[in-house]
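Protein chains: 2
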Amino acid sequence: KKTADPVSDKWDVPISTTAKNCRNYIREIVDNLNLEPNPNKKVIALSIGDPTVYGNLVPAKETTDALIETVLNGKHNGYGGSCGLDCSRNAVAEYLSYDGVEVQAEDVILCSGCSSSLDLCITVLADGTRGQNILVPKPGFPIYRTLAESMGVEVRHYDLLPEENWELDLDDVESKIDSKTAAIVINNPSNPCGSVYSEEHLRNVLRLAERNKIPIIADEIYERLVFPGNKFVSVASLGAKVPLLICGGLAKRFLVPGWRLGWIVVHDPVGAFAAVRKGLVCLSQRIIGSNTLVQGAMTKILLETPQSFHDELMNTLIETANIAYEEIGKIRGLKPFMPQGAMYMMVQIKSECFPQFNDGLEFVSKLMEEESTFCLPGEAFGLGGYMRIIITVPKELMVEACERLANFCNKYYKPKPCQLLPPVSIE
Amino acid sequence: KKTADPVSDKWDVPISTTAKNCRNYIREIVDNLNLEPNPNKKVIALSIGDPTVYGNLVPAKETTDALIETVLNGKHNGYGGSCGLDCSRNAVAEYLSYDGVEVQAEDVILCSGCSSSLDLCITVLADGTRGQNILVPKPGFPIYRTLAESMGVEVRHYDLLPEENWELDLDDVESKIDSKTAAIVINNPSNPCGSVYSEEHLRNVLRLAERNKIPIIADEIYERLVFPGNKFVSVASLGAKVPLLICGGLAKRFLVPGWRLGWIVVHDPVGAFAAVRKGLVCLSQRIIGSNTLVQGAMTKILLETPQSFHDELMNTLIETANIAYEEIGKIRGLKPFMPQGAMYMMVQIKSECFPQFNDGLEFVSKLMEEESTFCLPGEAFGLGGYMRIIITVPKELMVEACERLANFCNKYYKPKPCQLLPPVSIE
Ligand SMILES: Cc1ncc(COP(=O)(O)O)c(C=O)c1O
Ligand SMILES: Cc1ncc(COP(=O)(O)O)c(C=O)c1O
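Line order of the protein sequences matches chains C and X.
Here the first sequence is numbered in this note's numbering, starting from 19 and rising by one per residue.
Here the second sequence is numbered in this note's numbering, starting from 19 and rising by one per residue.
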């Protein structure tokens, strides 16, 4: 019956368009690289976006204690409701109510990681069957694209401006909006840029959104992960008349990415999100919510982790960032961009200085082959000519990695040929 | 720019078709009931599918100990990979390798609960944009429909046969297959029926699938949750030449539904699932895997929970089921169906005996109003004239609930009017 032909003996099981269009852009790029490390050098992976992987960064004792307490009290083994337990949603509301923002528990939807939050936000707003599109940053975290494209939603990349603190190129954003634009995704602090936007820039972004009546999905997973002297400003704090979906979670600031606890906060200052709210609740029922042990621990995690834990983390990150910035700054042919937050640093590869390599992909492959040091090529984030390094490695490793980078670049650096002046004949 | 009109002052934020089509059928039915309990009686909810909610059923000490150990060793805070940690996939493979089934770790994909497993399976196989459909049981767990319809996939219900242990009506199944049928979902042991299928019946189902070349999604979340004297047979154990996606998880047998740990096992005896395997991996990346603390504990949970824990659970469940079956069996107008496993019992409401009520919905509402006892109407599972009761309540509560049911039915029961014979005149 499967086909019009007589019953076939062959199985033919095609996969859905959704599955076919669900691509992992980092994987696709990395898997196509020739990544054989130098057998004589231990690999240093400056590529891994998991801050816990080197063991130097560990969650606060309050965090793990709270989890253990939750297991022991035995009250959080059952279903938590698809949007999360009231107490946990309350904890998020309280945690995010600062700088004049007032979040209510009913504005919070808990998800299975921030990725899941982004999934719900993109899915609720953007409709592939209506030919809609969303705008995402370039360079940017590729999951926005993975999520959108698998749902048949077109992705349009807007430029970030490297020389202006990776701010949004607002003209470019505006030029990419049309009647089918369902949302603008912004990411602050940024992966991969490490940039932290000023209040002024965010106001400009919000004005653009308001003018064009496009809701914003704000990926604030690195919320308050900013270096001393910088200030994190949530788009929610600026009182703009723009409906916002703010995504966040425990992964980064609390150093527990594997615990898969994310959230969406619905901000609806213009009363435009009634259907969206309902839609998010419905979508959350597809997987019946997130882990209840983590939820049970959230009040303590979010509200009782001492400020000193956060301060120490940021101090560690900036020390490592400073080392990288200083050392890479000395390397001819590379240009580091000092981050103000998050966990990453962008480094420009001045391609004209490395004529041996056709592109950044060849550069990072050869770097791995010779120096056993791996940096994610900017291509993984949609922007060639750069690489992203993580600043969550132990300091000694960063020092070592910078030495290797220097070695490598010194070996391949070719100064631009001097412009030879035509001989001047002296009479 | 959002509309062709001059820049509008109004926000108009429609939601996607996916969100609009994502419906919670249990909610929709329950929310439309008038459910005011009798203020003089404590509510007994025989409706809640969470076995932990009454506190009488708790996870094994091995389970909670393993979780605590995982938190303490501090090795499972980072990302686990979107398909899960190798050790955890291995544990599932070993746990499910019995009755001749041999599962390899690479056949296992961990998900955020069995719901998430079902989501991935339906999404990878069925393509709404190609007008495909899936077949699901009636009565059945409504999440299949929620998941499929939100992806634009048509759902066709096949009948289960109440009088034949709720087996699939194979003729009905076959009549609903056409060239657009992407998968048949079966659920054994069954929610809401509590039925456990014989090997013979499953072989017939597999033969049907093979003849029609339709892959099976087998929801085996109640795997091995069968009463003494019954045997759980996995479709994977029958050596059929049918590609299978088996869904399961920790939720039920280990009494930790809130921990959100599900799995998919890919069985591909005919080599038809290469693309499906890849597609599942890609889809798993949308939310970057499930909670790593639970994953870290899985080896112990799955492989070291003593058989006595499982036996005790089943003994408790059958005792409660026996009480319900016996007591409800005595109530005029009701007909209980004895389950062989899972956590539920179906009860037929003989509508002709309760002419006061137009349907089962009115029956359960009135039962709540007068007796503060709530049973899920069969309508929530697609089948009117029945109600589903859970057998996971403490025994005393079941006794009390049965008394209330008896009260209620005695009050409203109307024997069918006797067929009065015409008077026979005696000459
Ligand atoms: C910008 C950004 N958003 C979202 C995420 C995903 O967060 P989660 O691990 O909570 O899914 C990441 C993870 O690296 C990220 O960098
Ligand atoms: C038949 C069936 N499948 C799947 C599920 C969902 O399981 P999980 O809680 O692991 O998502 C349930 C939960 O009640 C169920 O009854």
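Where is the CB? At the ideal position from N, CA and C, for every residue including glycine.
Short note on C132 (chain C): C-beta closer than 6 Å to some heavy atom of ligand 1.
Between S130 (chain C) and K429 (chain C), the alpha-carbon positions lie close to 46 Å from each other. Q303 (chain X) has a beta carbon lying within less than 7 Å of a beta carbon in chain C. For Y343 (chain X), the uninterrupted alpha helix (DSSP H) segment begins and ends at 325 to 347. Against H94 (chain C), the close residues of chain X are G276, in the order they occur along the chain (beta-carbon pairs closer than 7 Å).
Pairing F399 (chain C) with W184 (chain C), the inter-Cα distance amounts to about 13 Å. Taking 7 Å as the CB threshold, C265 (chain X) stays off the interface with chain C. A Cβ-Cβ contact shorter than 7 Å links I127 (chain C) with C101 (chain C). Contact between V382 (chain C) and M364 (chain C) fails: their C-beta atoms lie close to 13 Å from each other, not under 8 Å.
Taken in chain order, the unbroken stretches of beta strand (DSSP E) that lie wholly in the segment 101 to 177 of chain X and span 3 residues or more are 126 to 129, 151 to 156. In this structure V214 (chain X) is in contact with F250 (chain X), their Cβ atoms being roughly 6 Å apart against a cut-off of 8 Å. For G99 (chain C), the closest C-alpha among the options C:S390, C:E421, C:Q374, C:S308 is that of C:S308.
For ligand 2, a non-hydrogen atom lies closer than 6 Å to the CB of I306 (chain C). Relative to the non-hydrogen atoms of ligand 2, the Cβ of D137 (chain X) never comes closer than 6 Å to any of them. Shortest Cα-Cα distance from V154 (chain C) to any of C:L165, C:V411, C:R148 involves C:L165. Inclusion of P246 (chain C) and F291 (chain C) in the CB contact set at 7 Å is not warranted, their separation being larger than that value. In the three-state reduction of the DSSP assignment, D49 (chain X) falls in the helix class. Relative to ligand 1, the beta carbon of G280 (chain C) is positioned inside 6 Å of a heavy atom.
The segment 313 to 321 of chain X and the segment 86 to 96 of chain X touch, with three or more beta-carbon pairs separated by less than 8 Å. Bridge pairing for Y431 (chain X): absent [DSSP].
Contact residues of the segment 154 to 186 of chain C toward chain X are I161, T164, L165, S168, M169, G170, V171 (C-beta to C-beta distance below 9 Å). Within 6 Å of the C-beta of N58 (chain C) there is not a single heavy atom belonging to ligand 2.
For F291 (chain C), the chain X residues whose Cβ falls inside 8 Å of its Cβ are V31, in order along the chain. Residues of the segment 202 to 232 of chain C with a C-beta atom less than 8 Å from some C-beta of chain X are R229, N230, K231, I232, listed in chain order.
Under the criterion of beta carbons closer than 8 Å, V119 (chain X) and S255 (chain X) qualify as touching, at roughly 5 Å. G396 (chain X) is positioned such that its CB atom lies closer than 7 Å to that of G378 (chain X).
Straight through space, the alpha carbons of I408 (chain C) and I66 (chain C) are spaced by roughly 7 Å. Under the 8 Å Cβ criterion, the segment 315 to 329 of chain X does not count as touching the segment 166 to 175 of chain X, having fewer than three qualifying pairs. Between A123 (chain X) and G297 (chain C) a beta carbon distance of about 37 Å is seen, past the 8 Å cut, so the two are scored as non-contacting.
N209 (chain C) is positioned such that its CB atom lies no closer than 7 Å to that of Q303 (chain X).
At a cut-off of 6 Å, the beta-carbon of P275 (chain C) counts as near ligand 1: some heavy atom of the ligand is closer than that. Around the beta carbon of N52 (chain X), a 10 Å sphere encloses fewer than 16 other beta carbons of the protein chains shown; the residue is thus reported as exposed. Not one heavy atom of ligand 1 falls within 6 Å of the beta-carbon of F250 (chain C).
Here the C-alpha atom of N50 (chain C) lies approximately 55 Å from the C-alpha atom of G402 (chain X). At a cut-off of 7 Å between C-beta atoms, Y97 (chain X) counts as an interface residue with respect to chain C.
For F355 (chain X), the enclosing beta strand (DSSP E) stretches over residues 352 to 355.
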